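Right, one structure below, let's go through it.
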Amino acid sequence: MRSLGREPFSIAVVSGKGGTGKTSFSASLALSGQPVAAIDADVEEPNLALLLGDPVLATMNVSLSVPAVDAERCTRCGTCSRTCRFGAVFSFGKAVPVFNDLCHGCGACVLACPEKALYEVERPVGFVGRGDANGIIVVEGRLLVGMPNPVPVIERTVELGLAEGLDTVIDSPPGAACPMVAAVRKARAVILVTEPTPFGRADAEVVAQVLREMGKPAALVVNRSGILEEAPPFEGVLGTFPVLARLPFSRAVAEGAARGVPPTKVDSSWKDAAKAAWEWARRVAK
Ligand code: SF4
Ligand code: SF4
12 MRSLGREPFS
22 IAVVSGKGGT
32 GKTSFSASLA
42 LSGQPVAAID
52 ADVEEPNLAL
62 LLGDPVLATM
72 NVSLSVPAVD
82 AERCTRCGTC
92 SRTCRFGAVF
102 SFGKAVPVFN
112 DLCHGCGACV
122 LACPEKALYE
132 VERPVGFVGR
142 GDANGIIVVE
152 GRLLVGMPNP
162 VPVIERTVEL
172 GLAEGLDTVI
182 DSPPGAACPM
192 VAAVRKARAV
202 ILVTEPTPFG
212 RADAEVVAQV
222 LREMGKPAAL
232 VVNRSGILEE
242 APPFEGVLGT
252 FPVLARLPFS
262 RAVAEGAARG
272 VPPTKVDSSW
282 KDAAKAAWEW
292 ARRVAK
C-alpha cells in the first residue's frame, strides 16, 4: 500500500444506459497522470483493465454467508420466513428450504431463529483481481456466471480498491439500481456520462434522481455531443448538474476502444475532460 500523505479521494463514474462511454471516461481519469487505483465495479462485464494495459491480476474469492438448516433442531415455527425481507427462506409443512439465489446474506434469519437451528455456510459468488498497469493499480471485480446478485462482489471490490490508500476511480455498473448504489456509496463525487439521445437522457435522469437522494455531488460529461441535429437542453434533476465537457462523436475513439486503446491516446479532448472532472470533483467533494 502506498501513501499520499493526505486523505485519498474517490470519484465514481456512472451512466444510465450502457454504451455511453462510461468505462472509456473512467480510463481517462485513471490515466490523468497521478497515482491512482482504478476500481472496476462493473462486475458483470468488467473491461476497464483492457483500456489500461490488461495487467495480470492476482485474484481472491468472494463469498456470501447464506443460511443452512439443522433439521433436527428446527421446530418449523416460521420465524425465519417472517424475518426474511427477500423471501429467501420458507417454512412450510415439514420443510424449511433456503433459496440461495434470493439470499442477500444479511444474517437476520440466523439471529432470529429461537432454536439456533440456522447456521451460515459460505457460497462463492465471485472474485476480485488486483494488478499493476504501468503504475496504475487495477482492482477488478467479477461475478461468477449464474450468480443473480452482484452487490456483495461490488462491495468487496470497492473496499479492496479503497484500501490501496490512493485516489480512486470507480467504474460503476450501468443503471440506477442497487449495483450502482453499492459502487458509488463511498465516492466523494460522481461523474455521470451520458449521450444526448432520448434513451440516454431518460436513463440518465433516473440516475440523477438517485444521486440527488444520496446527496452526492454530481456533474455531467456528454459523450457523442452533436449526434442529434436538435437535442433539447437537459431538464429535471439532470438539468441542475453542471456540464463539464461535451465530447463529439469520434470514429477514432470508437475504433481505439475496440482495440483496447484508451481515448486519451487518440483524442486530446478526452484528456482535457478528465482534467476538468478531477478539478471539479476536488472542488465540490464532500
Ligand atoms: S426460525 Fe428456526 S426453528 Fe423456526 S422455522 Fe426457521 S429454522 Fe426452523
Ligand atoms: S440471510 Fe438474510 S436474506 Fe438470507 S435468508 Fe436469511 S434473512 Fe433472508
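Residues 12 to 297, numbered by the working numbering, are exactly what the sequence shown covers, in order. Don't be surprised by glycine CBs; every beta carbon is placed ideally from N, CA and C. No experiment lies behind these values; they were computed from the predicted model shown.
- Taking a contact as a CB-CB distance under 8 Å, the pair A200 and P228 counts as one, their CB atoms being some 5 Å apart.
- Looking at the DSSP output, N72 bridges to F138.
- N72 and V136 have their C-alpha atoms roughly 8 Å apart.
- Taking 4 residues as the shortest admissible run, the segment 142–196 contains the following complete alpha helix (DSSP H) segments, listed from N- to C-terminal end: 162–173 and 189–195.
- Cβ contact annotation for D51 (same chain, cutoff 6 Å, sequence separation greater than five): P57, L59, E151 and D182, in chain order.
- Per the Cβ contact rule, the segment 65–85 is in contact with the segment 123–138 (3 or more Cβ pairs under 8 Å).
- The chain-ordered list of residues whose CB is nearer than 6 Å to some heavy atom of ligand 1 reads V80, C85, T86, R87, C88, G89, T90, C91, S102, V107, C124, E126, A128 and L129.
- Rounded to the nearest whole angstrom, the C-alpha separation of I165 and R235 is 28 Å.
- In the structure shown, D53 falls within a coil segment according to DSSP collapsed to helix, strand and coil.
- V80 is positioned such that its CB atom lies no closer than 8 Å to that of C114.
- Between A187 and V221 a beta carbon distance of about 5 Å is seen, short of the 8 Å cut, so the two are scored as contacting.
- For the segment 96–132, the continuous alpha helix (DSSP H) assignments of 4+ residues that do not extend past its boundaries occur at 119–123, in sequence order.
- In the structure shown, A296 adopts coil according to DSSP, grouped into three states.
- Going by beta carbons, L171 and V139 fall inside the 8 Å limit.
- In the three-state reduction of the DSSP assignment, L63 falls in the coil class.
- Per DSSP, T90 has no beta-bridge partner at all.
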